[in-house]
Each structure stands twice: as structure tokens, then as C-alpha cells.
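Note sheet for the following structure.
Chains as they are written, first to last, in the numbering used here: chain A, 1 to 115; chain B, 116 to 228.
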């Protein structure tokens, strides 16, 4: 079955460490997205990529980095520069071109906690 | 600015009908989505509206009025499994860039026996 896989589901990080969250999709979708979800706030866009080897900053990119070397994969690195990294991180994808009907397909998320 | 408003929480009774409202103010409009999200899980697509009117899909319906910047999600014959957060999201076009999906904070619905 096609879908988006995020791993790990739970991740603990010590202050000052970088961590990488995995996102893999087998939907053959062109565009991929990373969102952060905090209690009482809507999903906020961190980074997005419309095609391989290209990505753009979203609204809260500071302290994060991404790569898109393969169509299927869009890993997110949370660096030590991110001051408040504890959150629920969601990866999403959508087909390229006209995509109006179905919006995004989301992964099941990674909950990152700084200890 | 970009703003999407939804009630924070709602409570309803099993078997009843509930309406979750969403108002938006965005720089441009290119469609509105409703997603359901159970705690700690991925949001799942429920509905999409781009033209005014009502879209019905089984027990769920979604309405849009673009002139009023208003949408609602109607859930009929509520079941306990409908207890979840419901996210309203507006797609807003951006010059020279991909459309942006702007999310509201979500409405946490609790269905009681």
C-alpha cells in the first residue's frame, strides 16, 4: 500500500545535539512538506520541496535543515540552533500539478522531546 | 495578514449532529480543506471546497461561503470514534511560489455517550 512513513515515532534529544527525522513516501508524489504542530497552534510550515534537489523555506525554517536527493525521501534535521524543538513533526506530500481534490497526505508524525 | 479561526473545543452526544465552524481571512483563496486528526496520529483528509455550497460525503458535509470567508463541517449520527481534532486549512496562492496551505488551530471534538 502506498503511503508516507515517518520514523522514529518518538525521539529524545539532548540539548546541543542535532537529530534527523526521516520521511519516506512511495506515492510518487512530487512535492513534500514538513510541518510542526504545537498545542494550541495550527500546523506551521518548516520547509517544502516541489522537486528533487530543490527546497524552499517555510514560515519557521530557522534552526532546521532539509535535503531532497531522492523523490521518495525528505529528511528533516533539527539543529542545535533550534531553541524550542520539542514538538510533534508531520511530513506530508502531494502530487505535482493540479492537486486540488485531495490536498496533502500526511505521515503519522514524530514526537521530538528535548531532555 | 493570514488568519483562520475555529472554536477550540466542542462537546456533543453520540447519535447527534454537530457543526464545526471556520472563518478565514487570507490574502487570496484557492480552496478549503477539512482534516480529521486523532491524538498523536496523522491528519486524514475529509473534504475539499473551492466553490460556494455544500459538499456531502456520507455522514460528513462541508459548506463554503467565499464572500463571507466562512466554512463549516457538519457531522451527522455522531459516533464515539468521531472524537478527534478537526483542522480547517485554506490554500492561499502566493506570487511566484507554490500555493500555501494555512491551518487553523483545530477544534477538539469530544463525543459523549
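Note that the Cβ used here is the ideal one computed from N, Cα and C, for glycine as well.
Pair within 8 angstroms by beta-carbon distance, residue 135 (chain B) and residue 222 (chain B): Yes, Cβ-Cβ distance for residue 135 (chain B) and residue 222 (chain B) is below 8 angstroms.
Starting from residue 2 (chain A), find everything on chain B with Cβ-Cβ shorter than 9 angstroms and list it in chain order. In chain order: nothing, as chain B lies at least about 14 angstroms away.
Nearest-angstrom beta carbon gap, residue 72 (chain A) and residue 53 (chain A) [assumed within contact, 8 angstroms]: Not really, about 13 angstroms apart at Cβ, beyond 8 angstroms.
Assigned exposure category for residue 153 (chain B) - 16 Cβ within 10 Å defines buried: Residue 153 (chain B) counts as exposed, since fewer than 16 other C-beta atoms from the protein chains shown sit within 10 angstroms of its C-beta.
Top-ranked residue by Cα proximity to residue 156 (chain B), from A:48, A:5, A:44, A:84: Ranked by Cα distance from residue 156 (chain B), the options A:48, A:5, A:44, A:84 are led by A:5.
The stretch 128-156 of chain B: positions lying closer than 9 angstroms to chain A by Cβ: For the stretch 128-156 of chain B, which is checked against every Cβ of chain A, the residues closer than 9 angstroms are 145, 146, 148, 150, 152, 155, 156.
Under 7 angstroms Cβ to Cβ from residue 174 (chain B), same chain only, skipping five residues before and after it: list those, please. Cβ within range, chain order: 190, 191, 192.
Across the stretch 30-49 of chain A and the stretch 60-67 of chain A, are there enough close Cβ pairs to call them in contact, namely three or more that are closer than 8 angstroms? Cβ pair count under 8 angstroms is three or more, so yes.
Alpha-carbon spacing of residue 27 (chain A) relative to residue 104 (chain A), whole angstroms: In a straight line, the C-alpha of residue 27 (chain A) is about 11 angstroms away from that of residue 104 (chain A).
Could you tell me which chain B residues have their CB closer than 9 angstroms to the CB of residue 104 (chain A), listed as they occur along the chain? Simply 148, 150, 158, 160, 204, 216.
With a threshold of 8 angstroms between beta-carbons, can residue 126 (chain B) be considered close to chain A, or not? Not closer than 8 angstroms to any Cβ of chain A, the Cβ of residue 126 (chain B) fails to qualify, so no.
Please classify residue 166 (chain B): is it buried, with 16 or more other beta-carbons within 10 angstroms of its beta-carbon, or exposed? That one is exposed.
Return yes when the Cβ of residue 19 (chain A) is within less than 8 angstroms of the Cβ of residue 112 (chain A), no when it is not. The answer is yes: Cβ separation under 8 angstroms.
What does residue 219 (chain B) touch in chain A if you count any residue whose Cβ is under 8 angstroms from its own? Around residue 219 (chain B), the beta-carbon contacts reaching into chain A at under 8 angstroms are 42.
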